[in-house]
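Everything below concerns the one structure shown next.
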Amino acid sequence: MPHSTPTTAELAARLTALEERVSELEHGATTEKTIDAAAAGTVHFSGEVALPMGEVKYQWVRPVDLLIETAWEDSFSRISALAHPLRAQILRHLLRQAASVAELVSAEVVSSAGTAYHHISALETAGWVVKQRGVYSIPPARIVPLLCLIACGENH
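Letter by letter, the sequence shown follows residues 1 to 156 in UniProt numbering.
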């Protein structure tokens with residue numbers, strides 16, 4: 001089979017195509033051909049956390065379409081339970097060690113048992129805190145999500 005030499009026009013077209021492809025790859029560009037219309041992507045968060053009470057490994061992945069279409073009320077209710085400075089202090093303390101209400105008062109995390117019960121009740125209802133034999137702790141499945149929310153609140 002004889003080998004033919006490409007014309008200048010053919011070489012120019014091939015060079016242009018290569019330059020366009022390199023530009024797309026360098027700039028993370030996508031074309032309609034590479035986008036799967038059914039998949040808008042996914043959102044991931046995960047973490048490996050070593051705390052005094054043990055190590056927690058956690059990963060959560062959700063399709064974007066599911067997150068957009070799902071009712072947000074439950075999620076916002078759960079998140080809004082965190083929106084108080086005393087609750088933040090309670091959770092910070094519980095990340096280091098589980099504690100009873102008396103221990104939270106003794107450590108001066110809260111000023112009184114009544115105040116502690118008020119705020120812990122809101123955290124418990126929202127699933128951020130659990131109680132076992134009078135001692136409160138953060139469930140392992142809530143530790144990484146809590147820390148992710150703190151990271152989300154940073155100035156990005």
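Cβ atoms here follow ideal geometry from the backbone N, Cα and C, with glycine treated the same way.
What does the Cβ neighbour count give for residue i, buried or exposed, with the cut at 16 atoms within 10 Å?
i: Ala107; result: exposed
i: Leu91; result: buried
i: Val144; result: buried
i: Leu18; result: exposed
i: Ile138; result: buried
i: Ile150; result: exposed
i: Arg142; result: buried
i: Leu15; result: exposed
i: Val109; result: buried
i: Leu66; result: exposed
i: His156; result: exposed
i: Leu94; result: buried
i: Ala71; result: exposed
i: Leu11; result: exposed
In this structure, does DSSP put residue i in helix, strand or coil?
i: Glu10; result: helix
i: Cys152; result: helix
i: Thr34; result: Annotation note: pLDDT 46 at Thr34 (below 50); position unreliable, no value reported.
i: Pro85; result: helix
i: Ala71; result: coil
i: Ala50; result: strand
i: Thr42; result: strand
In its own chain, which residues sit with a C-beta less than 8 Å from the C-beta of residue i, not counting the 5 before and 5 after it?
i: Ala102; result: Ala113
i: Ser77; result: Ala126
i: Met53; result: Gln97, Ala98 and Ser137
i: Pro8; result: Looking at the sequence provided, one finds Thr at residue 8 rather than Pro. Contacts found: none.
i: Glu73; result: none
Contact defined as beta carbons within less than 8 Å: I believe residue i pairs with residue j. What is the distance between those atoms, to the nearest angstrom?
i: Trp128; j: Leu146; result: 7 Å
i: Thr81; j: Ala126; result: A small correction: the amino acid at residue 81 is Ala; Thr does not occupy that position in the sequence shown. The Cβ separation is near 4 Å, so the contact holds.
i: Leu86; j: Thr115; result: 7 Å
Within the same chain, show all residues whose beta-carbon is closer than 7 Å to that of residue i, passing over the 5 residues directly before and after it, in chain order.
i: Glu69; result: none
i: Lys57; result: Glu48
Apart from the five residues on each side of it in sequence, which residues of its chain come closer than 6 Å, Cβ to Cβ, to residue i?
i: His44; result: Val61
i: Ala40; result: Val64 and Asp65
i: Leu104; result: Val110 and Ala116
Sequence ranges, alpha helix (DSSP H) only - wholly within the UniProt domain "HTH arsR-type" (77 to 152), length at least 4: 85 to 96, 101 to 106, 113 to 125 and 140 to 152
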